[in-house]
Amino acid sequence: MASRIDERLRAQLARRASVLGEIRRILVEELRLPMPADAIDPDVMIFGTGLGLDSVDEVELVVLTEQRFDVVLPSTVMHDGLRTVNTLVDLVLALSPKAGDS
Amino acid sequence: MIDGIDVVAHHGDVEAEIAAVRRSVGISLLPHVTALRVSGADAKAFVDHVVAGRLLLRDGQARQSLLLSESGEILADAYVCNDDDRFLLFAEGMERKALLAHLFAHRSDGADVAIDDLSESHTVISLNGPFAWELMAALEGPGVIGFPYLSFYHAAGERLYLRAGKTGEFGYDVLLPTKALSATLDQFLDAGRALDARQVGIEALWRCGLENWYFNPHLHRAPGITPVELQLQWRLSHKKEYVGSSAIIARRAAGPARRATGLVGSGTVGVGDTVTFEDEPIGVVIDAHFSPAIGHSVAMAMLDVAFAHSGVDRYAIRGAPVRTISPPFVNNLSMYVNPQRDSFNTRDAVRFPGSARSAPTP
Numbered sequence: 055m056a057s058r059i060d061e062r063l064r065a066q067l068a069r070r071a072s073v074l075g076e077i078r079r080i081l082v083e084e085l086r087l088p089m090p091a092d093a094i095d096p097d098v099m100i101f102g103t104g105l106g107l108d109s110v111d112e113v114e115l116v117v118l119t120e121q122r123f124d125v126v127l128p129s130t131v132m133h134d135g136l137r138t139v140n141t142l143v144d145l146v147l148a149l150s151p152k153a154g155d156s
Numbered sequence: 049m050i051d052g053i054d055v056v057a058h059h060g061d062v063e064a065e066i067a068a069v070r071r072s073v074g075i076s077l078l079p080h081v082t083a084l085r086v087s088g089a090d091a092k093a094f095v096d097h098v099v100a101g102r103l104l105l106r107d108g109q110a111r112q113s114l115l116l117s118e119s120g121e122i123l124a125d126a127y128v129c130n131d132d133d134r135f136l137l138f139a140e141g142m143e144r145k146a147l148l149a150h151l152f153a154h155r156s157d158g159a160d161v162a163i164d165d166l167s168e169s170h171t172v173i174s175l176n177g178p179f180a181w182e183l184m185a186a187l188e189g190p191g192v193i194g195f196p197y198l199s200f201y202h203a204a205g206e207r208l209y210l211r212a213g214k215t216g217e218f219g220y221d222v223l224l225p226t227k228a229l230s231a232t233l234d235q236f237l238d239a240g241r242a243l244d245a246r247q248v249g250i251e252a253l254w255r256c257g258l259e260n261w262y263f264n265p266h267l268h269r270a271p272g273i274t275p276v277e278l279q280l281q282w283r284l285s286h287k288k289e290y291v292g293s294s295a296i297i298a299r300r301a302a303g304p305a306r307r308a309t310g311l312v313g314s315g316t317v318g319v320g321d322t323v324t325f326e327d328e329p330i331g332v333v334i335d336a337h338f339s340p341a342i343g344h345s346v347a348m349a350m351l352d353v354a355f356a357h358s359g360v361d362r363y364a365i366r367g368a369p370v371r372t373i374s375p376p377f378v379n380n381l382s383m384y385v386n387p388q389r390d391s392f393n394t395r396d397a398v399r400f401p402g403s404a405r406s407a408p409t410p
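Sequence lines, in order, name chains A and B.
In terms of the numbering used here, the first sequence opens at residue 55 and continues consecutively.
In terms of the numbering used here, the second sequence opens at residue 49 and continues consecutively.
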């Protein structure tokens, strides 16, 4: 299946998967989320239901993400960028053109 | 018919019903939701075994979870509520008789577990919308405003109020005696007139549910599809054994072949449509509709996992481009409404940036 993917798409998907993997790592290793990294689905809600993080975790997640990807997340991040793991990946990729490059 | 029960699809104007859920309050009857009470000395152990999620609940708390088959496929979507050492289940996705048979089949011989079908005498009314709390407060008093998400309480008249919802807006499910249904509905409609509330059928609720990426047990299940493919692993315990847990662990270890992915398309997108990349099929649409909130079709597609990532604009349906995006597809007014400060009458002062989350143009 993957052999049908051309180089341009392969690079785009790999970059996204890399950022997703790093955010999963932060959630499991730094925020001590009690689940395997591959059980963190990309479109899962980060707060409340979903992963169940709270406002203290939010601060830590923002700081760790900013440090890891050398970005500054906007103050409105809670309403949009931090809704799901994938929306956070979107935000990182939009703010850092080199994020996820190997 | 849903799960063998007559359910109102719409009340004549689905777009207006969606608008009510998104801007004021929608009032819906959910007779297909089965309400069960599980009691007895072994009730907790039993529920812990048949429900896939963690059961660490204080009295008065609820949690969204799933009932699975031994093969890990989803049987029902369920809220589990801890009701003073008894448990309440609000389940949908399975005919009532089959649900009860499933539960009885997993009850150990000699276990002290009683299962009472409250649906024989009770029905669920659901209120959903950014001002649903205001309607609740008008009927139950201002104390309801501080009522946390996924909690419940018993009220007079054998009513139970569960703060829940599957639309992304404020939501309350009210379990009440069926004999009081008509009078209660009139009560909600009368009090809701000042809030532009209207009756909303299941079609509008499901469309709002897709816009917010809620699992729909009536549309999203398929043979071989488990919570791993549907991105519902957050509803599963990772520490206990439950019905279906072995299959889930094996599926996760093998890695899913497909994954549910959000799509936005400028053309018509329908259930069963094939998603292609350079004319080769890479997946199929399992839920779709036109979203008036963002002006495009929104869809959930099951894509080959190698392609199942957001932010790709090179896929197509019947030759028309679609874009994978990270759901939810919409902003919710409820996220911007503060019940301590706002009201329906002052709704224009709420600083809401609009329903479109980003620029989803395919």
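Here a beta-carbon is modelled for each residue, glycine too, at the ideal position from N, C-alpha and C.
Cβ closer than 8 Å: which chain B residues qualify as neighbours of residue i?
i	result
A:P90	H286 and R300
A:R70	H357, S358 and G359
With which residues is residue i paired in a DSSP beta bridge?
i	result
B:V333	B:A349
B:C129	B:A110 and B:L136
A:M99	A:T138
B:F200	B:L210
B:E328	B:F325
B:I75	B:L175 and B:Q247
B:I163	B:V86
B:H344	B:S339
A:A115	The amino acid at residue 115 of chain A is misidentified as Ala; the sequence shows Leu. BP columns for A:L115 are empty, so no partner.
B:I50	B:I53
B:A364	B:T324 and B:P369
B:A404	B:V378
A:L107	A:F101
B:I122	B:L116
Whole-angstrom Cβ separation of residue i and residue j, contact assumed at under 8 Å?
i	j	result
B:G74	B:A83	20 Å between Cβ atoms; not a contact.
B:C129	B:A110	4 Å
B:G219	B:A180	6 Å
B:F325	B:D221	No, B:F325 and B:D221 are not in contact; Cβ-Cβ is about 41 Å, not under 8 Å.
A:L136	A:L142	6 Å
B:A245	B:L183	6 Å
B:E217	B:P178	5 Å
B:R155	B:F236	Actually they are not in contact, since the Cβ atoms of B:R155 and B:F236 sit about 37 Å apart, beyond 8 Å.
B:E65	B:P265	Actually they are not in contact, since the Cβ atoms of B:E65 and B:P265 sit about 21 Å apart, beyond 8 Å.
B:R144	B:A91	About 20 Å; that fails the 8 Å criterion.
Name, please, each residue of chain A whose Cβ falls closer than 9 Å to the Cβ of residue i.
i	result
B:L198	G102 and T103
B:Q279	D95, P96, D97 and V98
B:W282	M89, A93, I94, D95, V98, M99, T103, G104, L105 and G106
B:Q247	Chain A residues near B:Q247: none, gap ~27 Å exceeds 9 Å.
B:Q112	T103
Measuring from the CB of residue i, is there a heavy atom of the ligand GTP at a distance below 7 Å?
i	result
A:A148	This structure lacks the ligand GTP; in fact it carries no ligand of any kind.
Which stretch, first to last residue, makes up the beta strand (DSSP E) that contains residue i?
i	result
B:N176	H170 to N176
B:R371	A368 to T372
B:R307	R306 to G313
B:R85	T82 to S87
B:G219	G219 to P225
B:Y384	Careful: B:Y384 lies outside any beta strand (DSSP E) and carries neither H nor E.
Quick check on the DSSP output: the alpha helix (DSSP H) that includes residue i runs from which residue to which?
i	result
A:S72	E61 to R79
B:R300	S293 to A302
B:A153	R144 to A153
B:A91	A91 to V98
B:A185	A180 to E188
B:A57	Taken as a continuous stretch (DSSP letters only), B:A57 belongs to no alpha helix (DSSP H), as it is neither H nor E.
B:A231	L229 to G240
Note down, in chain order, every chain A residue with its Cβ under 7 Å from the Cβ of residue i.
i	result
B:S374	D97, T138, N140, T141 and D144
B:Q388	Those within 7 Å of B:Q388 in chain A number zero; the least Cβ separation is about 17 Å.
B:W261	D97
What in chain B is Cβ-close to residue i, meaning under 9 Å?
i	result
A:Q66	H357, G359, V360 and R362
A:L149	Ordered by position in chain B, no residue passes the 9 Å Cβ test against A:L149, which lies about 14 Å from the chain.
Chain A partners of residue i, CB-CB under 8 Å?
i	result
B:E328	R58
B:A32	With chain B represented from 49 up to 410, any question about residue 32 of chain B goes unanswered, as that position is not in the structure.
B:W254	Per Cβ cutoff of 8 Å: no residues; B:W254 is ~18 Å from chain A at best.
B:F325	R58, I59 and L63
B:G310	D97
So, do the region 115 to 123 of chain B and the region 192 to 199 of chain B have three or more beta carbon pairs nearer to each other than 8 Å? no
Are at least three pairs of beta-carbons, each pair with one atom in the region 82 to 101 of chain B and one in the region 260 to 269 of chain B, less than 8 Å apart? no
contact_flag[the region 381 to 400 of chain B, the region 344 to 352 of chain B] where n(CB pairs < 8 Å) is 3 or more: no
Indicate whether the contact test is met: 3 or more Cβ pairs, each with one atom in the region 362 to 381 of chain B and one in the region 310 to 324 of chain B, closer than 8 Å. yes
Flag this pair as touching only if the region 94 to 108 of chain B and the region 287 to 307 of chain B have three or more C-beta atom pairs under 8 Å; answer yes or no. yes
Kindly confirm or deny that the region 224 to 244 of chain B and the region 49 to 64 of chain B touch, where touching means at least three C-beta pairs closer than 8 Å. no
Are three or more beta carbon pairs between the region 77 to 88 of chain A and the region 265 to 273 of chain B nearer than 8 Å? no
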